[in-house]
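Numbering (the working numbering), first residue to last: 21 to 652.
For glycine and all other residues, C-beta sits at the position ideal for the given N, C-alpha and C.
Every value quoted in this text rests on a predicted model; they were computed, and no experiment measured them.
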């Protein structure tokens, strides 16, 4: 500062006081300080407007005006110059008023020394320089904030209320700044991501969420943040990355890859199904030829049943891989599930394979779809059986793991570690090299040649992901393999009771009238025969329109509608809705080879009595019918 030329403006109506001030400045030793003098209020404002002075010394009394009035007028006019108020009396109320009006300092004329005046001017100039630098820095940061092409928020850490937003955020969400300030981040989120503490959102730990815009549309976003103090409030600066287009593109790429993979799978599936059809066809012919030989007939029919079961299993595998089956999670006890599973496979696995289990005591409840857990275990055990060439040890173990025991993808960074049950399937087979291990979860990758579809482990991977779990493998050539499945543990440790099963005995008979609507003629005739065998009166139709006609003629007699979902001309659900217009209490069971999980749930929640997955065993069909008819 000592090398700068400082122009000082003295605003003083008394010339003698001007001379005193000039002498004080001369005695201060500051050769680069130059003093200018104006003697009245109006001249002072005019001179200040030129903005040619670094600081002003203002007398408290300026004729009809006061120095406080001048301070107020200068502030209102936007004159950014520090002002030191000079007065002949040291009154505390004037001192306070001067500071409140924005004075840089307050000096009593009779007490001013050259050193005091020099120090007061120097400190005032330093403070003003610091203020200007801070303001410039704030303006630069505000400019960076406002003009950033990405949406940015400043939100209060405790409440997630918006404290500031930039132009990009206004454009992305459709809200104005004023409208944002009436909202909180939690009110934008359409999922539960807002329950994550904002303190956990870091530049290297983005939070994924779905936000609702003002027009009601949704966008997928990733939020990264940094803590900061904003006006004395603990806040978080959030950078919003709109990833909607990226996720849509990724979904399209995945679908394209899946369709390409499905083309590769078609040959394998056709091969398997043709084998199954050959089994069914051959045994059906054999059954007709040996109809008078009960043993041969029974053997052929059992083979047909087994082939049908294998075909249905293959369809389930494909649907699970394609993520077209819903997860019906329920509390499961591993101590019950594993022994029951081992008993089931022991009937079909070679006796040379020794089945073992090792279950840690006191395992908590896990939340999972029992059918899919069994499917995953079955796929792993079948792989283990094949890897051991029909002989060896196969061990299923279960243990509770958390924290550092978990694989890296399952570890939490916020200290709130979830516990998992690790189900392991270990074999004493040939093992795998690293190249094989890297590819085993790829769809359609198989080491079994034409004997495998390459879906087994891809299905296991899909099941683990659908349960918010994980799967990995340990294996070396000649040392066998061990697959680990991780499933999250239920926080509440009291398992929900399973609903009682209302099965139908073989001699359960009915007498009600059932309207059967099925477009596949052979299946329709078979179902009609099965129902009539149990005593039901059966009316049939081959499509939705014919179903409406038959129903209109026999509305009072019909107790239950049994219909396929995918009927020609008019779908099963649409047909049922029209029937309900004249018979709102009509009971219905729907059947389908495949139904989207969301649609199935919506239909069941609308009051439909049940849903039958084709193919189904007759006893299952009878049971569903009796349960439906027993409803009030």
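(request) Give a yes or no on contact between the region 536-549 and the region 494-508, applying the rule of three or more CB pairs nearer than 8 Å. (result) The region 494-508 and the region 536-549 do not touch, with fewer than three beta-carbon pairs separated by less than 8 Å.
(request) Return helix, strand or coil for residue 116, following the three-state DSSP convention. (result) As a position in the chain shown, residue 116 is number 96, starting the count at 1. Residue 116 falls in the helix class under three-state DSSP.
(request) Pair every Cβ in the region 154-172 with every Cβ in the region 184-192, then say whether three or more of these pairs are closer than 8 Å. (result) Because the criterion of three Cβ pairs below 8 Å is met, the region 154-172 and the region 184-192 touch.
(message) Please report the straight-line C-alpha distance between residue 425 and residue 538, rounded to a whole angstrom.
(response) If you number the chain shown from 1, residue 425 lands on position 405. If you number the chain shown from 1, residue 538 lands on position 518. In this structure, the straight-line span from the alpha carbon of residue 425 to that of residue 538 is close to 54 Å.
(message) Alpha carbons only, please: which of 390, 327 and 576 is nearest the one belonging to residue 353?
(response) Here the question's residue 353 lines up with position 333 in the chain shown. If we check each option's Cα against that of residue 353, 390 comes out closest.
(request) Throw me the rounded Cβ distance for the residue 645 and residue 623 pair, which I believe falls under 8 Å. (result) Taking the chain shown and counting its residues from 1, one reaches residue 645 at position 625. Taking the chain shown and counting its residues from 1, one reaches residue 623 at position 603. Contact flag wrong, Cβ pair sits at about 17 Å.
(request) Have a look at residue 635 and residue 582 and give me their C-alpha separation to the nearest angstrom. (result) What you label residue 635 is simply residue 615 of the chain shown in a count that begins at 1. What you label residue 582 is simply residue 562 of the chain shown in a count that begins at 1. Each residue's alpha carbon lies about 15 Å from the other.
(message) Mapping the DSSP letters down to three states, classify residue 603 as helix, strand or coil.
(response) Numbered from its first residue, the chain shown carries residue 603 at position 583. DSSP, read as helix, strand or coil, puts residue 603 in coil.
(message) Below 8 Å on the Cβ atoms is my contact criterion, and I expect residue 366 with residue 375 to pass it. Report the Cβ-Cβ distance as a whole number of Å.
(response) Position 346 of the chain shown, counted from the first residue, corresponds to residue 366. Position 355 of the chain shown, counted from the first residue, corresponds to residue 375. Yes, they are in contact, since the Cβ atoms of residue 366 and residue 375 sit about 6 Å apart, within 8 Å.
(request) Would you tell me roughly how many angstroms separate the C-alpha atoms of residue 35 and residue 78, rounded to the nearest one? (result) Stepping through the chain shown from its first residue, residue 35 is reached at position 15. Stepping through the chain shown from its first residue, residue 78 is reached at position 58. The straight-line gap from Cα to Cα measures roughly 13 Å.
(request) State buried or exposed for residue 521, treating a residue as buried only when at least 16 other CB atoms are found within 10 Å of its CB. (result) For the purposes of this step, residue 521 is identified with residue 501 of the chain shown, where counting begins at 1. Its pLDDT being 43, under 50, residue 521 is placed unreliably by the model, and the measurement read from it follows with that caveat. By the neighbour-count rule (16 or more Cβ atoms within 10 Å), residue 521 is not buried but exposed.
(message) Please state the DSSP three-state secondary structure of residue 636.
(response) For the purposes of this step, residue 636 is taken as the residue at position 616 of the chain shown. DSSP places residue 636 in coil when its eight states are reduced to three.
(request) Taking residue 362 and residue 418 to be in contact with their CB atoms under 8 Å, please state how far apart those CB atoms are, rounded to whole angstroms. (result) What you label residue 362 is simply residue 342 of the chain shown in a count that begins at 1. What you label residue 418 is simply residue 398 of the chain shown in a count that begins at 1. Residue 362 to residue 418, Cβ: 12 Å. No contact.
(request) Would you mind sorting residue 637 into buried or exposed? The rule is 16 or more other CB atoms within 10 Å of its CB. (result) In the chain shown, counting from the first residue as 1, residue 637 sits at position 617. By the Cβ-count criterion, residue 637 is exposed, with fewer than 16 other Cβ atoms from all chains shown falling within 10 Å of its own Cβ.
(request) Flag this pair as touching only if the region 225-240 and the region 146-165 have three or more C-beta atom pairs under 8 Å; answer yes or no. (result) Not touching, per the Cβ criterion.
(message) Could you tell me the alpha carbon to alpha carbon distance between residue 613 and residue 254, rounded to whole angstroms?
(response) Locating residue 613 in the chain shown gives position 593, counting from the first residue. Locating residue 254 in the chain shown gives position 234, counting from the first residue. Cα to Cα, the separation comes out at about 57 Å.
(request) Could you pull out every residue in the same chain whose Cβ sits closer than 7 Å to the Cβ of residue 50, ignoring the five residues on either side in sequence? (result) On the chain shown, residue 50 is found 30 positions in, with the first residue counted as 1. Closer than 7 Å at the Cβ level, and outside the excluded window around residue 50, lie 138.
(message) Going residue by residue through the region 149-210, where are the continuous alpha helix (DSSP H) segments of at least 4 residues, counting only ones entirely within it?
(response) Entirely contained in the region 149-210, the alpha helix (DSSP H) runs reaching 4 residues are, in chain order, 187-193, 197-200 and 205-208.
(message) Quick check on this structure: which residue in 183, 577, 572 and 626 has the alpha carbon closest to the alpha carbon of residue 593?
(response) Along the chain shown, one-based indexing puts residue 593 at 573. Taking only the C-alpha atoms, the option nearest residue 593 is 626.
(request) Report the rounded CA-to-CA distance for residue 300 versus residue 462, giving the unit in angstroms. (result) The count along the chain shown starts at 1 and reaches residue 300 at position 280. The count along the chain shown starts at 1 and reaches residue 462 at position 442. Residue 300 and residue 462: Cα-Cα distance of roughly 32 Å.
(request) Determine the burial state of residue 446: buried for a count of at least 16 other Cβ atoms within 10 Å of its Cβ, exposed for fewer. (result) By one-based count along the chain shown, residue 446 stands at place 426. By the neighbour-count criterion, in which 16 or more other beta carbons inside 10 Å mark a residue as buried, residue 446 falls on the buried side.
(request) Measure from the alpha carbon of residue 358 to the alpha carbon of each residue in 410, 579, 332 and 414, then state which is nearest. (result) By one-based count along the chain shown, residue 358 stands at place 338. Put simply, of 410, 579, 332 and 414 the residue whose alpha carbon is nearest the alpha carbon of residue 358 is 414.
(request) Please say whether residue 204 and residue 244 have beta carbons closer to each other than 8 Å? (result) Position 224 of the chain shown, counted from the start, is the residue given in the question as residue 244. Position 184 of the chain shown, counted from the start, is the residue given in the question as residue 204. One thing to note: residue 244 has its Cβ no nearer than 8 Å to the Cβ of residue 204.
(request) Would you identify the three-state DSSP class for residue 25, choosing helix, strand or coil? (result) Stepping through the chain shown from its first residue, residue 25 is reached at position 5. It is coil, neither helix nor strand.
(message) Just to confirm before moving on: does the CB-CB distance between residue 28 and residue 54 stay below 8 Å?
(response) As a first step, residue 28 is located in the chain shown; it is residue number 8 there, counting from the start. As a first step, residue 54 is located in the chain shown; it is residue number 34 there, counting from the start. At a Cβ-Cβ threshold of 8 Å, residue 28 and residue 54 count as neighbours.
(message) Is the beta carbon of residue 532 closer than 8 Å to that of residue 606?
(response) Here the question's residue 606 lines up with position 586 in the chain shown. Here the question's residue 532 lines up with position 512 in the chain shown. Cβ atoms of residue 606 and residue 532: not closer than 8 Å.
(message) For residue 557, tell me which candidate among 529, 563 and 543 has the shortest Cα-Cα distance.
(response) Reading the chain shown from its first residue, position 537 is the one you call residue 557. That would be 529, whose Cα lies nearest to the Cα of residue 557.
(request) Express the C-alpha separation of residue 251 and residue 59 in angstroms, rounding to a whole number. (result) Taking the first residue of the chain shown as 1, we reach residue 59 at position 39. Taking the first residue of the chain shown as 1, we reach residue 251 at position 231. Separation of residue 59 and residue 251 (C-alpha to C-alpha, rounded to the nearest whole angstrom) is 41 Å.
(message) Quick check: the Cα distance between residue 235 and residue 402, rounded to an integer number of angstroms?
(response) Sequence index remark: in the chain shown, residue 235 carries index 215 (1-based). Sequence index remark: in the chain shown, residue 402 carries index 382 (1-based). Looking at the two C-alpha atoms, the distance is approximately 52 Å.
(request) Indicate whether residue 56 and residue 30 have their beta-carbon atoms separated by less than 8 Å. (result) By one-based count along the chain shown, residue 56 stands at place 36. By one-based count along the chain shown, residue 30 stands at place 10. Judged by their CB atoms, residue 56 and residue 30 are nearer to each other than the 8 Å cut-off.
(request) Note down, in chain order, each residue of its chain lying with its Cβ closer than 6 Å to the Cβ of residue 148, except the 5 sequence neighbours on either side. (result) Along the chain shown, one-based indexing puts residue 148 at 128. Taken in chain order, the residues that qualify are 102.
(request) Tell me where the beta strand (DSSP E) around residue 103 begins and ends. (result) In the chain shown, the residue the question calls residue 103 occupies position 83. Taken as a continuous stretch (DSSP letters only), the beta strand (DSSP E) holding residue 103 covers 103-107.
(message) Using a Cβ-Cβ cutoff of less than 8 Å, which residues in the same chain neighbour residue 196 once the five nearest sequence positions on both sides are dropped?
(response) Working through the chain shown from its first residue, we reach residue 196 at position 176. If we look at residue 196 and ignore the five residues flanking it on each side, its Cβ neighbours are 190.
(message) Going by DSSP in three states, residue 395 sits in which element: helix, strand or coil?
(response) Indexing the chain shown from 1 puts residue 395 at position 375. Helix.
(request) Measure the alpha-carbon distance for residue 435 versus residue 168 and round it to whole angstroms. (result) Position 415 of the chain shown, counted from the start, is the residue given in the question as residue 435. Position 148 of the chain shown, counted from the start, is the residue given in the question as residue 168. Note that residue 435 scores 47 on pLDDT, short of 50, meaning its location in the model is unreliable; the coordinates nonetheless yield the value given after this. Roughly 33 Å between the two C-alpha positions.
(request) Have a look at 257, 199 and 163 and flag the residue whose alpha-carbon is nearest the alpha-carbon of residue 233. (result) Translated into the one-based positions of the chain shown, residue 233 becomes position 213. The shortest Cα separation from residue 233 among 257, 199 and 163 belongs to 199.
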